[in-house]
Amino acid sequence: MNLSLLQSAAADNRWAALFPELPLALLALLLLVLEIVLPKRQHRSIPVVAILGQLALLVALLVNLRGGMTEQLTFNGLIRHSPTGQFFRVLFLVTSLLVSLLGVVSLARQRMPRVEFFHIVMIVSAAMMLLVQSHHFVMFFVALETVTVGFYILVSYYRTNPLSLEAGLKYLVMGALSSAMLLFGIVLLYGAVGNPALAPSGLAAGAMDFASVRQFLLAHPDNFLAQVGIVLVLSGVAFKIGAVPFQIWVPDVYQGAPTPITAFLAVGSKAAGFGALVVLAGVFAPCKSLVIPVLSVMAGATILFGNLAALTQYNVKRLIALSGVSHAGYLLIGVIAAYYDPAALSGVYFYLIAYLVASFAVFGVMTHVSGENEADQELEHYADLARTHPFLALVLVIGLGSLAGIPPLAGFIGKLMIFLAAFSAGLYVLLGIAVLGVVISIYYYFGWIKAACFSAWRLPAPAGEAAAGLPRTPVAWPARVTLGTLAVASVVLGLWQGPLIGWLLAR
Amino acid sequence: MQLDPLLLAIAVPLVVAAAIFAGLPKRYSVRLAYLGFGAPAAIALWLWSRFPANAGEAYQFMSSRDLGLSLLGIKLTLGLNGISLPMFVLAGVVGLAAGLYAIQSGAERLKIYLALLLVMQGGLMGVFASVDVFFFYFFHELALIPSFIMVGIWGGRDRGYAAMKLTIYLTVGAMLSLAGLILIYHQSGAQTFDLITLRTEALAHPLSVTAQKYGFGLLLFGFGILVSLWPFHTWAPLGYGAAPSSAAMLHAGVLKKFGLYGLLQVALPLAPVGAAHWSGVLTVLALGNVLIVGIIALAQRDLKQVIGYGSVMHMGYAFLGIAAMSVVGVGGAVLMMVAHGLSVALLFLLSTCIYHRTHTFDLTEMGGLARHTPVLAAFFVAATMASIGLPGFANFWGELALFVAIWKFSPWVAAGAVAGVVITAIYALRAVAKVFFGPPTEAFSRVVAHVTPVDLRWAERIPALLLLGLLLFIGFWPRSLSAPLHSALGSLAPALAVKASADPRP
């Protein structure tokens, strides 16, 4: 890309096509500038700027929602704008906003630099938006690496905590491995598609372009090199969504990471992975006979592993991590079903919305219940939550209920849509596994609710010592408003979806 | 917008519950709770009085709303037909009785207790008013969840274990039935969850035989677990034993009937061939309910367990009525469901009243309570007689119709069912004798010396009278329910046709 290209882009005002990404990144830079410019005692206002800025961006994005929906390629075919991309932009902006809000609560307990936290979260969110809209493997890989590198830092952000550092190291090693696999897969695909002897006539764009890859696969669905490439690329994405057999890092990293970052990994990173997977599934559609079995085995194993492993956990962060693995499995079923009926994707998207709303409710409660060492969160720390903090307990029950897929909460509608799609696709075996998974999941979700709400007999604390359990952070009003909104949203989306599902189905 | 009585009956308890959750002060909470429990009962009774006796299969008081899922064929469609009307009335009346009893119980954290009970009540009214199969399931789950929490927080002995077991069993049942419902939805090709459309569609183009067999099988076992079909019944006595009385009343009295109701309204009309295919299995399992669980009930020493196992056992009769696949059998099953709902709720209510006076549920540590509390004794004897099926109570008509139908179905099965009545009489009357009559045991004398038992207070009498009154009313005037019920059973026509064609005898 040379200067004249950039100039023409500026002249065409194409930068406007990157509306939420660019301002978000600029806002992130502004935070760093503010840290230098502002006197030290005003530094506490920087998170407020971050949150209000993102809120303003979200409002602007929602007002201008239809503007970004026209299907078009920008930046020389690097980025493809679509209604789906617009949906994910909103999703990631909401995620970033909520992570920032939880970050304020969590950082208040630590002696850590604050500004960089918000900075990186916003940069990563902008990269996620680009990832799901990329239409070129270079763009795809650069966006994915920006996300991953950002997470390396965020996971080990509480650097005085050994568990956080350990998690960061594990994420780094596993992340590097998966990036290498992804890159190798891309290279293989590039080699196959770029082979002039095999090139189908009329291959317009370069060999890294998604359109030409698809075109190539249509012409040569049995090309071995390309098939190996596909499997490797899918493995790289499977790492992001935490699907079996690339789920090994999930419990340790989720446990060690600061709780807001755990939420970011669980929701943001997973949604980004699925956004990318949906795009790639479309690109790889000509090789259905390869992709469907790979994804099916992955989905079934993911659901079973996630639920069975979560059964034995007492640490809630590991529990929610492994239950998150199983949610990735349910979502994979939706992606597979989309090969038979594209309407299944609306189920995936609704599930992601429901998952976001419910997960952040749960993570919000976890952030408040945790002490200084956020990795140390056992089920028993939730004892008597209902008596001491009825508000938090109510939010927790609603969030967990929605994750478990209990009516009248949003998670149930998400599961229902996925199941309906799986039924019409005829995926009976996967459906059976999913139903089994839901039943297993009830045990540990309900066990958590039991720990928080049902009073159990405990050893009385010896005189002079404080009662067992961690100090719980009082709920300040912004957190109260956020958690209340999330809980109400879970209920409302379960009872009344309004035009949302129509909109999701219409595309 | 026109005021919709059915929607009102669902929404009032839910809105009151939401208000209580939102932090209404206790004084107002209790007052509003009267409204929340009273409104559905009043609406149900009013609709009953207005219900046309010869409505046929058609639903009355219909209304339909789109809540955002209409593209998937889901709409909040409400309505009542002759089968759902009795259940709707049952839910309203038992809900009111359970609510009144809960208000006077002075439970710990009463506000939350009432709010959860109200959610349950709203869900129950919704279950029986739904014409849309999705919302039918949805409201059931809505009513089910509070019962887990209530067992876990306010339950008695073993509440943690009981709540967990209840949750897992009922989730398995609910998931199986959901899978069955989705299967039928999908195979029907109607692309809608609306029961009326599904039925017309099933009449015009019946589902394939394989789909019917699988669909009915899933629904049978899914619903069966929810109704405590033998051998999946073990959650029920345990759960009822641990549940607080109002939750047990609502669950055993009303919520458990969901599965039977689903078999009648959804499974039989839509998958008649499947029903005929599974009829034999169902008969065996239902006989297991009647005889095996009946014998287990004989061996119980704990009053609540006796009632719990008795309730499981009586579900067997209703299953036999369904297995018989005849108008009389299914009609008898519905009457039985209503009558049993009322009588078992009354029994649970009274057993808690007994507990407050004897401080134990153990039958071997009671005796001679009638001397101190004659009114309580009278109520309990009446409730026992009702559950045995004495003429004059609603249960009699249900059992009579069932036995007639079962006899026609198979005399051998009828013999087993009648043996069940004898078993019921033995354990029920023995419980009465041990609690109220005979010389007081040593343990009971100690309790009496400590606090003299007072007779039933009016706060306890009113809910009991409500249930007993309705039992007697239906017992003396069964036509009030059976007339609309009979005209609605035309929906069984396809099932009867299948049955007739399969039957070698003329």
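If you're matching them up, the sequences are chains X and W in order. Residue numbers for the first sequence follow the working numbering, so the first one is 13 and each next one is one higher. Residue numbers for the second sequence follow the working numbering, so the first one is 907 and each next one is one higher. Using N, Cα and C, we set each Cβ at its ideal position, and we do this for glycine too.
Residue closest to residue i, alpha-carbon to alpha-carbon, out of the options
i          : options                                        : result
Met134(X)  : Phe152(X), Pro59(X), Arg26(X), Gly506(X)       : Pro59(X)
Ile260(X)  : Ser436(X), Tyr183(X), Glu83(X)                 : Tyr183(X)
Leu1387(W) : Leu984(W), Gly988(W), Leu913(W), Val918(W)     : Gly988(W)
Leu195(X)  : Ile242(X), Ala231(X), Asn235(X), Ala269(X)     : Ile242(X)
Val136(X)  : Met186(X), Ile48(X), Phe99(X), Leu34(X)        : Leu34(X)
Phe967(W)  : Ile926(W), Leu953(W), Ala1292(W)               : Leu953(W)
Ile11(X)   : Phe317(X), Leu289(X), Val409(X), Ala283(X)     : The requested residue 11(X) is not part of the displayed model; chain X covers only 13 to 519.
Ala349(X)  : Met429(X), Leu320(X), Val409(X), Ala398(X)     : Met429(X)
Met1219(W) : Gln1093(W), Leu1395(W), Ile1294(W)             : Ile1294(W)
Pro958(W)  : Leu986(W), Leu973(W), Ser969(W), Ala947(W)     : Leu986(W)
Phe222(X)  : Leu210(X), Val205(X), Val369(X)                : Val205(X)
Tyr326(X)  : His393(X), Phe372(X), Thr271(X), Ala231(X)     : His393(X)
Pro1178(W) : Leu1161(W), Leu1191(W), Ser1217(W), Gly1123(W) : Gly1123(W)
Leu448(X)  : Tyr342(X), His148(X), Ala356(X)                : Tyr342(X)
Leu913(W)  : Pro946(W), Leu1269(W), Val1000(W)              : Pro946(W)
The alpha helix (DSSP H) enclosing residue i, as first and last residue numbers
i          : result
His1392(W) : 1385-1394
Gln1010(W) : 990-1011
Arg1105(W) : 1101-1110
Gln1093(W) : 1065-1094
Pro1178(W) : 1178-1193
Ile452(X)  : 440-465
Lys1119(W) : 1115-1132
Ser436(X)  : 422-437
Gly65(X)   : 58-75
Ile1202(W) : 1200-1204
Pro35(X)   : 33-49
Three-state secondary structure assigned by DSSP to residue i
i          : result
Gly514(X)  : helix
His93(X)   : strand
Trp27(X)   : helix
Gly476(X)  : With a pLDDT of 47 at Gly476(X), under the threshold of 50, the predicted position of this residue should be treated as unreliable, though the coordinate-derived value follows. Correct three-state label for Gly476(X): coil.
Val337(X)  : helix
Leu930(W)  : coil
Asn235(X)  : coil
Ser301(X)  : helix
Met1231(W) : coil
Glu390(X)  : strand
Arg1411(W) : Its pLDDT being 43, under 50, Arg1411(W) is placed unreliably in this model, and the value from its coordinates should be taken loosely. In the structure shown, Arg1411(W) sits in coil (DSSP, three-state: anything other than H, G, I, E or B).
Arg1015(W) : coil
Arg123(X)  : coil
Asn385(X)  : coil
Arg484(X)  : coil
Ser1036(W) : strand
Asn960(W)  : coil
Asn207(X)  : coil
Asn327(X)  : strand
N-terminal and C-terminal residue of the beta strand (DSSP E) that residue i is part of
i          : result
Gln84(X)   : 84-86
Leu984(W)  : 982-986
Ser1475(W) : No information on residue 1475(W) is available, as it lies outside the stretch 907 to 1412 that chain W covers here.
Partners in chain A for residue i, counting only beta-carbon separations shorter than 7 Å
i          : result
Glu1047(W) : Reference to chain A is not applicable here, since the protein chains of this structure are X and W.
Quick check for students: name the residue ranges of the alpha helix (DSSP H) that lie wholly in the segment 1143-1171 of chain W, counting only runs of 4 or more. Inside the segment 1143-1171 of chain W, DSSP marks whole alpha helix (DSSP H) runs of 4 or more residues at positions 1151-1156, 1163-1168, from first to last along the chain.
Taking Cβ-Cβ distances below 8 Å as the criterion, which residues of the segment 1050-1071 of chain W are in contact with chain X? Within the segment 1050-1071 of chain W, the residues whose Cβ lies closer than 8 Å to any Cβ of chain X are, in chain order, Ile1051, Phe1054, Ile1055, Gly1058, Ile1059, Arg1065, Gly1066, Ala1069, Met1070.
Please give me, in chain order, every unbroken run of the alpha helix (DSSP H) with length at least 4 that falls completely inside the segment 145-198 of chain X. Listed in chain order, they are 149-167.
Taking a cut of 8 Å between CB atoms, which residues from the segment 486-515 of chain X lie near chain W? The segment 486-515 of chain X vs chain W, Cβ under 8 Å: Leu507, Trp508, Gln509, Gly510, Pro511, Leu512, Ile513, Gly514.
Threshold first: 3 residues or longer. Then list the beta strand (DSSP E) segments lying entirely within the segment 1237-1300 of chain W, N to C. You should have found no qualifying run.
Ranges of the alpha helix (DSSP H) found wholly within the segment 225-302 of chain X, counting only runs of at least 4: As summarised for the segment 225-302 of chain X, the continuous alpha helix (DSSP H) elements at least 4 residues long and confined to that stretch are 236-253, 262-268, 271-275, 282-295, given in chain order.
Of all the alpha helix (DSSP H) runs that stay within the bounds of the segment 1342-1382 of chain W, which reach a length of 4 or more residues? Those alpha helix (DSSP H) runs which fall completely within the segment 1342-1382 of chain W and span 4+ residues are 1348-1356, 1364-1382.
Where the segment 448-468 of chain X meets chain W: residues whose CB sits under 8 Å from a CB there: Hits within the stretch, in order: Val450, Val451, Ile454, Tyr455, Phe458, Gly459, Ile461, Lys462, Cys465, Phe466, Ser467, Ala468.
Residues in the segment 968-991 of chain W with C-beta within 7 Å of chain X's C-beta atoms, listed in sequence order? The segment 968-991 of chain W vs chain X, Cβ under 7 Å: Leu973, Gly974, Leu975, Leu977, Leu978.
Which residues, taken in chain order from the segment 406-417 of chain X, show a beta carbon closer than 9 Å to some beta carbon of chain W? The segment 406-417 of chain X vs chain W, Cβ under 9 Å: Leu406, Val409, Gly413, Ala416.
Taking beta-carbon pairs under 9 Å, can you tell me which members of the segment 1316-1339 of chain W lie near chain X? Within the segment 1316-1339 of chain W, not one residue has a Cβ closer than 9 Å to any Cβ of chain X.
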